[in-house]
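Read through the structure below, which is laid out as structure tokens, and then see the notes.
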Amino acid sequence: MELKLYDTLTREKRLFRPLDPNNVRIYVCGPTVYDFAHIGNARPVIVFDVLFRLLRHLYGADHVTYVRNITDVDDKINARAAEEYPDLPLNEAIRKVTEQTDKQFHEDVAALGALPPTVEPRATEHIAEMRILIERLVASGNAYVAEDNVLFSVPSMPDYGKLSKRPLDEMIAGARVDVAPYKRDPMDFVLWKPSKPGEPAWPSPAGIKAPGRPGWHIECSAMSWKHLGETFDIHGGGIDLVFPHHENEIAQSRCVFHTPVMANFWMHNGFLQVEGEKMSKSLGNFVTIHDLLKDWPGEVIRLAMLQTHYRQPINWTVSGLREAQKTLDHWYGLTADTMPGYLCADAIEALADDLNTPKALAALHELRGEAAKGARPAAACLKASARLIGLLQQTPAQWSAFRPASLAVDESKVVGLIEARNAARRVKNFKESDRIRDELAKMGVVLKDTKDGTTWEIAR
RNA sequence: GGCCACGUGGCGGAGUGGUUACGCAACGGUCUGCAAAACCGUGUACCCCGGUUCAAUUCCGGGCGUGGCCUCCA
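If you want our numbering, it's the position in the first sequence, counting the first as 1, plus 34.
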């Protein structure tokens, strides 16, 4: 099986060959823990979880190292901490914010069916590595000290800008006005900066006396180095990170290690809109994973996400969720008493073609059709293949027990009405039974009469 | 303004230089006391304008539209 992946750096789909098939190494930029993760944050989590699962399938579960970091030092965290816990010392407030957010994030992504990464390094636990990288960059002339800051010298790297296709001269022409006066070049970016009183602070590198804290980009260079080495196979994240974050990571790591590449493949997931509009707090369409999970099973959210290829822009809609719910209801019904069988070759092949999940799902739909005609192997294959991408992980009972919070009904009342209706049906009082069914329908309850009795679900 | 993507039927969404994607919805049918579910069947497409070609939705150029980045943003 040949795996092809699209590489942002070369803008082409290429055959994937790991540096070491016994240890395939992938790094994905994780969250900054200061607020509930939103549906846009969920996209890279789900997309790269599918890639992780595929790599484990192709190279063996013990031969893939997946690193997804936690950014726990950042101005946004400091601001949130000061806002939420004004009475606490800042460092204590920060710890509260990061611990709570971190816990919530892990609950959310677990509910989305994402496997835990092999390593989840935290920025604050890699300050020593960051200092080493910074010292080396200063020594090699790629960075310099100015007013207790350490800055990366962009002109010291001739091919800076390759990833985002931004030639240096154009960027300088378009650079913003408020450039810090101590920068030698407007494009230079911060590796280390002095901490204000009360802010998190560590001993500074490069002979700087004042304590300080790291800039944003250096943490990923440090953590990927520590856990994956100087170069590795795949680096992923949202497309918005291409510039400046990934461009700067590349500059730091390549200049420190004198390597031609930092990672062999750069993968970026596309952006997300909500009901056709940009997601923003001011528009009131800011969807957090936490809120979504109250109304939809995690697998519905996962499937809705995978209905679109990861590089395409995705329009996040309720109708998309409904469609995913319906598909999974159907699949669970058909595979309820089936053990997982062989994996579907068409689905694997689609996934191996740059993670073409819509095409893989189409293959599963075909299996669905065969299974519906009574083909047991097709049902077994559907179950195994869906599980590979993190779907059909629950028991049928768990699946059908889910109730959306915002469409809550009084269950005992529903059960009582159903019993009354069935009593009427037994004496062929269909006028009364239909009246009760209409009453339930008004409550949003849809009935299904089967040989084994009447079941019900919430209409969406 | 500069750079980078994207634009397929009512909706979602693959793919291809000439042959059915697929799913949802819709419509017809089977089943059902009636429904629902399920099953069977059916329809509508490739933003616009040029060019290349025997042939373009697919390649090239231009336009229009949408989005992203250029600022800490997944």
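Ideal Cβ positions, reconstructed from N, Cα and C, are used throughout, including at glycine.
Just to confirm before moving on: does the CB-CB distance between residue i and residue j stay below 8 angstroms?
i: ARG356; j: LEU425; result: no
i: GLU264; j: PHE291; result: yes
i: GLY367; j: ALA414; result: no
i: LYS47; j: ASP483; result: no
i: LEU275; j: ARG59; result: no
i: GLN341; j: LEU395; result: yes
i: LEU37; j: LEU124; result: no
i: ASN103; j: PRO155; result: yes
i: LYS417; j: THR361; result: no
i: SER174; j: ASP329; result: no
i: VAL1; j: LEU474; result: Residue 1 lies beyond the stretch modelled for the chain, which goes from 35 to 494, so this question has no answer here.
i: GLN307; j: TRP350; result: yes
i: ALA180; j: LEU225; result: no
i: VAL131; j: ARG114; result: yes
i: ALA397; j: ASP380; result: yes
i: ILE423; j: LEU451; result: no
i: ASP41; j: TYR68; result: no
i: LEU197; j: ILE284; result: yes
i: HIS140; j: GLU253; result: no
i: THR105; j: GLY147; result: no
i: ALA370; j: PRO430; result: yes
i: ASP219; j: PRO189; result: yes
i: TYR216; j: PRO151; result: no
Check for me: the beta strand (DSSP E) holding residue i runs from which residue to which?
i: PHE186; result: 183 to 186
i: LYS227; result: 223 to 228
i: LYS260; result: First-last for LYS260: 252 to 262, but that is the alpha helix (DSSP H), not the beta strand (DSSP E).
To the nearest whole angstrom, what separates the beta carbons of residue i and residue j, a pair I think is in contact under 8 angstroms?
i: GLY272; j: ASN303; result: 6 angstroms
i: HIS28; j: ASN282; result: As displayed, the chain neither begins before 35 nor continues past 494, which places residue 28 out of reach and without an answer.
i: ALA256; j: GLU163; result: 4 angstroms
i: ILE73; j: ILE268; result: Their Cβ separation, rounded to whole angstroms, is 24 angstroms, which puts ILE73 and ILE268 out of contact at 8 angstroms.
i: HIS364; j: ARG410; result: Rounded, the Cβ-Cβ distance is 17 angstroms, inconsistent with contact.
i: ASP182; j: PRO231; result: Not confirmed; about 14 angstroms, so no contact.
i: LEU222; j: PHE186; result: In the sequence on display, residue 222 carries Asp and not Leu. About 6 angstroms; that satisfies the 8 angstroms criterion.
i: HIS343; j: PRO278; result: Contact doesn't hold; Cβ gap of about 26 angstroms is too wide.
i: GLY246; j: ALA235; result: 6 angstroms
I'd like the span of the alpha helix (DSSP H) that includes residue i, first residue to last.
i: GLN359; result: 352 to 369
i: PHE70; result: Where PHE70 is concerned, there is no enclosing alpha helix (DSSP H), given that its DSSP letter is neither H nor E.
i: PRO411; result: 410 to 422
i: ARG469; result: 464 to 476
i: THR132; result: 124 to 145
i: VAL58; result: Careful: VAL58 lies outside any alpha helix (DSSP H), inside the beta strand (DSSP E) at 58 to 62.
i: LYS393; result: 391 to 406
i: GLY450; result: 445 to 460
i: ALA162; result: 161 to 173
i: LEU385; result: 379 to 386
i: ALA116; result: 109 to 118
i: ALA8; result: Given a span of 35 to 494 for the chain in the structure shown, any question on residue 8 remains unanswerable.
Going by DSSP, name the residue or residues bridged to residue i.
i: TRP490; result: LEU481
i: TRP236; result: GLY246
i: TYR100; result: ILE60
i: HIS269; result: TYR61 and TRP300
i: ASN349; result: GLN307
i: ALA177; result: PHE186
i: ARG77; result: Per DSSP, none; premise fails for ARG77.
i: LEU49; result: LYS38
i: ARG156; result: ILE104
Report the residue ranges of all beta strand (DSSP E) runs contained in full by the stretch 275 to 337; include only those spanning at least 3 residues, in chain order. Look at the stretch 275 to 337 and you find these whole runs of beta strand (DSSP E), each 3 residues long or longer: 297 to 303 and 306 to 308.
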